[in-house]
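J.:
Numbering (this note's numbering), first residue to last: 1 to 227.
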């Protein structure tokens, strides 16, 4: 499997759909999911974020690691950058943002979605408050949960449906299992280590010092496909 593809440095499998770049082999299934959402709950299922290249993820990471972008706790509330040790800062960033080169968004198989009939793209924040019981997108995510459990979601699932202690649950993040599962298998710790050495990121030494535990918890540990 191509190292540059796995780490978001190049991707020749992308096709534009609306204003997003998706892996060409999952577009038809996504369109089917959109149609189902429209027919069953009159939802306008749209993507707010799909493919994200390595350089873009690097900008996001370094902005958070330097205090130029908000950091969130597990409930989606802002935390004080100045009160965090380097280890706490690292864990705080990884709770919500992938290390550059280790994001599933690099593959074009994973998207952040919402119901555009309930909230506009500019107002969307992708926080737990939106999908929780009183949230504006709660009904939409309940519907999607049932479709996934019934295996009627056209191969899409939530890799971060449950809290395993690493990445915070993200009900809005879906992945095309048929495509992403083999890619995760090919994403070895050797790929991860090479990527860190070749990335221009802050906290690099902290990541290398905890390489194996980060790899296991934040990359390889995901929720089951049927969750």
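C-beta atoms are modelled at their ideal positions from N, C-alpha and C, and glycine is treated no differently.
Just so you know, these numbers come straight off a predicted model, no measurement behind them.
Please list the terminal residues of the continuous alpha helix (DSSP H) segment that includes residue 192.
T.: Here residue 192 is taken as the residue at index 192 of the chain shown, counted from 1. Element bounds for residue 192: 189–198.
J.: Does DSSP classify residue 111 as helix, strand or coil?
T.: Here residue 111 is taken as the residue at index 111 of the chain shown, counted from 1. Strand.
J.: Below 8 Å between beta carbons: does that hold for residue 143 and residue 40?
T.: The residue labelled residue 143 in the question sits at position 143 within the chain shown. The residue labelled residue 40 in the question sits at position 40 within the chain shown. It is a contact, given that the beta carbons lie within the stated cut-off.
J.: On the DSSP bridge list, what partners appear for residue 20?
T.: Translated into the one-based positions of the chain shown, residue 20 becomes position 20. Note: residue 20 sits in a beta bridge opposite 17.
J.: Kindly indicate the opening and closing residues of the beta strand (DSSP E) around residue 174.
T.: Locating residue 174 in the chain shown gives position 174, where the first residue counts as 1. Per DSSP, residue 174 belongs to the beta strand (DSSP E) from 173–176.
J.: Roughly how many whole angstroms lie between the Cα atoms of residue 190 and residue 167?
T.: Position 190 of the chain shown, counted from the start, is the residue given in the question as residue 190. Position 167 of the chain shown, counted from the start, is the residue given in the question as residue 167. The straight-line gap from Cα to Cα measures roughly 21 Å.
J.: Nearest CA to the CA of residue 48: which residue from 183, 160 and 105?
T.: Against the chain shown, residue 48 aligns to sequence position 48. When only C-alpha atoms are compared, the closest one is 105.
J.: Taking residue 9 as the reference, give the member of 22, 153, 26 and 103 with the closest Cα.
T.: Taking the first residue of the chain shown as 1, we reach residue 9 at position 9. Looking at the Cα atoms, 103 is the closest of the given residues.
J.: Hey, could you find the ends of the alpha helix (DSSP H) residue 27 is sitting in?
T.: Position 27 of the chain shown, counted from the start, is the residue given in the question as residue 27. Here the alpha helix (DSSP H) through residue 27 covers 27–41.
J.: Using a C-beta cutoff of 8 Å, does residue 207 count as contacting chain C?
T.: Absence of chain C from the displayed structure is noted, only one protein chain being present.
J.: Enumerate, from N- to C-terminal direction, the unbroken beta strand (DSSP E) stretches of 3 or more residues contained entirely within the segment 98–145.
T.: Here the runs fully enclosed are 110–115.
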